[in-house]
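Numbered by the working numbering, the letters in the sequence shown go through residues 11 to 380 in order. Where a beta carbon is used, it is the ideal one built from N, C-alpha and C, also for glycine. The structure appears right after this line, and notes come after that.
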Amino acid sequence: MPSFSHRTALLLIVGISHCLATELEDLAGGVIDWIRSKPGGNVNEKVEVRRLDPADETSPLGVFAKADLEAKEMIMQVPRECYIEVFHNAKEIELEGMEDSMQALYDNLCLLAEKTSKEMRRGEESEFAPYVKYLNQQNRNQIPAVWSKEGKDMLRDLLPEDSDGVDWISDNFQKCSGVNLDDPFEEHVIALTKQRGFDSAMIPLYDFVNHDNGQINTENTSFSSKSGIEVRASKPIKAGEEIFASYDRCLDCSDVSYYWGTPEILRDFGFVERYPRRFVESDEDIWFEIWEGPGGEKEVRWDDYGLTDEEIIYYRSYGYLNGSPDEGIEYMKEELQRINALPPNKISDCPANMPTNECMTILQYKEAVT
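So, in structure tokens, the structure goes:
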């Protein structure tokens, strides 16, 4: 009987990984073809979905220009027919009452997760089959709420005391009747809808566009438009350049950037954003961004940066901009001292059974906040 060598096993694993990597890109292509087949659906032929690093089969996907795009040129039109959505039953989110708005957000997410879970289980039988086939291939444990216990514990220590960056699922979904938190698949779907969803909708292909507030090169119509969403180039995009949007400075984002920053990007999407990075601690009247210049120099911008006197008066009328750069400095010093005293400082500081991607993300977060 032929022996099964370690080399044979390695080649088999590599072969399987290559097939899975290729399959994911093929599934993304299937989503594009499906959108184009729908009335009102369109995807520019100059656009493709591919790995950020084509040579690395584990590299995430992104949307890229295959040829030069002019400013205002259409990138994609995704009709409402392609959405997995719960608009009819969704609660309106009012930003004036933060506690009520967050409850409405989680109630809507509960509804969306329930519907998305059903469609993902239907697979080929779903009316959204090309999209749910892609969703069903997404890795689990991408965001901190569904990390390993070791990863959760280490990140929780680094986050501010009142942060929900790790425990928002367990804290807010116990009463979500449409999903079962004891089912790992359904917990995964909650995380997936938070990571890829838009309040009350999952929007195929648009959710492939990556976030970078320093390189935004798109603009779009409202995702709640009856005709769906249209995404255009906001400036010329050269062939080979990645297409970026913003997850917190967008048409449908309202004033989210005034209470949402880099830690919240990590909570909801599972990565530490590139510069600019924003940090908000409302209880301490702290809001600032750190921008990086072309030579690597850093600039701190406080919450009134670039605003006119009229805009400052407007935002103060809603309770914003009432602090000053000097307020909260002592809090920031104490937090910096606390975080610097905590692990990790290198990969070997992480527990051996912690997934490497979790350790690397925690290291990136610690670097970002110190």
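* Asked: DSSP state of L37, grouped into three classes?
  -> Within the sequence shown, numbered from 1, the residue matching residue 37 stands at position 27. Helix at L37.
* Is W157 helix, strand or coil by DSSP? -> Reading the sequence shown from its first residue, position 147 is the one you call residue 157. Note: W157 maps to coil in three-state DSSP.
* Asked: Excluding five sequence neighbours on each side, which residues of the same chain lie with their C-beta closer than 6 Å to the C-beta of G40?
  -> Counted from its first residue, the sequence shown places residue 40 at position 30. So the qualifying residues of the chain are P140.
* Grouping DSSP H, G and I as helix and E and B as strand, with all else coil, what is K308? -> The residue given as residue 308 occupies position 298 in the sequence shown. In this structure, K308 counts as strand in the three-state DSSP scheme.
* To do: Using the DSSP secondary-structure output, state which residues sit across from F254 in a beta bridge.
  => Here residue 254 refers to the residue found at position 244 when the sequence shown is read from its first residue. Answer is N220, bridged to F254.
* **Neighbourhood of Y86 by C-beta distance below 6 Å, restricted to the same chain and skipping five residues each side** => In the sequence shown, counting from the first residue as 1, residue 86 sits at position 76. Sequence inspection shows Met at residue 86; the Tyr mentioned does not correspond to that position. Hits under 6 Å: V53, L215, V241.
* Would you call L346 buried or exposed, if buried means 16 or more other Cβ atoms sit within 10 Å of its Cβ? -> Counting from 1 along the sequence shown, the entry for residue 346 is found at position 336. Answer is exposed; the Cβ neighbour count stays below 16.
* Those residues which DSSP pairs with A211 across a bridge -> Numbered from its first residue, the sequence shown carries residue 211 at position 201. For A211, the pairing in a beta bridge is given by DSSP as E95.
* Mind checking which residues open and close the alpha helix (DSSP H) that includes A243? => In the sequence shown, residue 243 corresponds to position 233, counting from 1. Looking at the DSSP string, A243 is not in any alpha helix (DSSP H); the run it does join, the beta strand (DSSP E), is 239 to 243.
* If C120 sits next to G188, beta carbons under 8 Å apart, how far is it from one beta carbon to the other, in whole angstroms? -> As a position in the sequence shown, residue 120 is number 110, starting the count at 1. As a position in the sequence shown, residue 188 is number 178, starting the count at 1. Rounded, the Cβ-Cβ distance is 6 Å, consistent with contact.
* Indicate whether S210 and N118 have their beta-carbon atoms separated by less than 8 Å. => Translated into the one-based positions of the sequence shown, residue 210 becomes position 200. Translated into the one-based positions of the sequence shown, residue 118 becomes position 108. Yes, Cβ-Cβ distance for S210 and N118 is below 8 Å.
* Short check: CB of F138 to CB of E252, under 8 Å? -> By 1-based counting over the sequence shown, the position of residue 138 is 128. By 1-based counting over the sequence shown, the position of residue 252 is 242. No, the Cβ-Cβ distance between F138 and E252 is not below 8 Å.
* What did DSSP end up calling N84 once you bin it into helix, strand or coil? -> Residue numbering aside, residue 84 sits at position 74 when the sequence shown is read from its first letter. In the sequence on display, residue 84 carries Met and not Asn. DSSP places M84 in strand when its eight states are reduced to three.
* To do: May I ask you to report which of helix, strand or coil DSSP gives I322?
  => Locating residue 322 in the sequence shown gives position 312, where the first residue counts as 1. Helix, per DSSP.
* **Beta-carbon gap between L383 and G207 smaller than 8 Å** => As shown, the chain starts at 11 and ends at 380. That puts residue 383 outside it, with no answer to give.
* **Close Cβ partners of I372 (< 8 Å) along its chain, the five nearest in sequence each way excluded** => Walking along the sequence shown from the start, residue 372 turns up at place 362. G161, M164, L165, L168, P354, C360, listed in sequence order.
* Asked: Looking at C-alpha atoms only, which residue of A65, L79, P64 is the closest neighbour of V57?
  -> Walking along the sequence shown from the start, residue 57 turns up at place 47. When only C-alpha atoms are compared, the closest one is L79.
* Proximity to V156 [Cα-Cα], best of E129, A201, M130 -> Walking along the sequence shown from the start, residue 156 turns up at place 146. Per the Cα distances, A201.
* Could you check if R287 is buried or exposed, using at least 16 other CB atoms within 10 Å of its CB as the buried criterion? => As a first step, residue 287 is located in the sequence shown; it is residue number 277 there, counting from the start. That one is buried.
* Asked: In the structure shown, what three-state DSSP assignment does E291 receive?
  -> Residue mapping note: residue 291 aligns to position 281 of the sequence shown, counting from 1. Strand.
* Asked: Can you give the Cα-Cα distance for A5 and D262, rounded to whole angstroms?
  -> Outside the shown range of the chain (11 to 380) lies residue 5, about which nothing can therefore be said.
* At which residues does the alpha helix (DSSP H) containing V266 begin and terminate? -> Residue mapping note: residue 266 aligns to position 256 of the sequence shown, counting from 1. Counting along the chain, V266 falls outside any alpha helix (DSSP H), and DSSP gives it neither H nor E.
* **Extent of the continuous alpha helix (DSSP H) run through T203** => As a first step, residue 203 is located in the sequence shown; it is residue number 193 there, counting from the start. Per DSSP, T203 belongs to the alpha helix (DSSP H) from 194 to 206.
* To do: Output the boundary residues of the alpha helix (DSSP H) element that contains I372.
  => Taking the sequence shown and counting its residues from 1, one reaches residue 372 at position 362. Here the alpha helix (DSSP H) through I372 covers 366 to 379.
* **Beta-ladder partner(s) of T68, from DSSP** => One-based indexing of the sequence shown puts residue 68 at position 58. Note: T68 sits in no beta bridge, so no partner.
* Asked: In whole angstroms, what is the alpha-carbon distance linking E129 and Q148?
  -> For this step, residue 129 is matched to residue 119 along the sequence shown. For this step, residue 148 is matched to residue 138 along the sequence shown. Looking at the two C-alpha atoms, the distance is approximately 15 Å.
* Asked: Taking the C-alpha atoms as reference points, what is the distance between N363 and E302?
  -> Counting from 1 along the sequence shown, the entry for residue 363 is found at position 353. Counting from 1 along the sequence shown, the entry for residue 302 is found at position 292. Distance between the alpha carbons of N363 and E302: 35 Å.
* Asked: Grouping DSSP H, G and I as helix and E and B as strand, with all else coil, what is F74?
  -> Walking along the sequence shown from the start, residue 74 turns up at place 64. If DSSP states are grouped into helix, strand and coil, F74 belongs with the strands.
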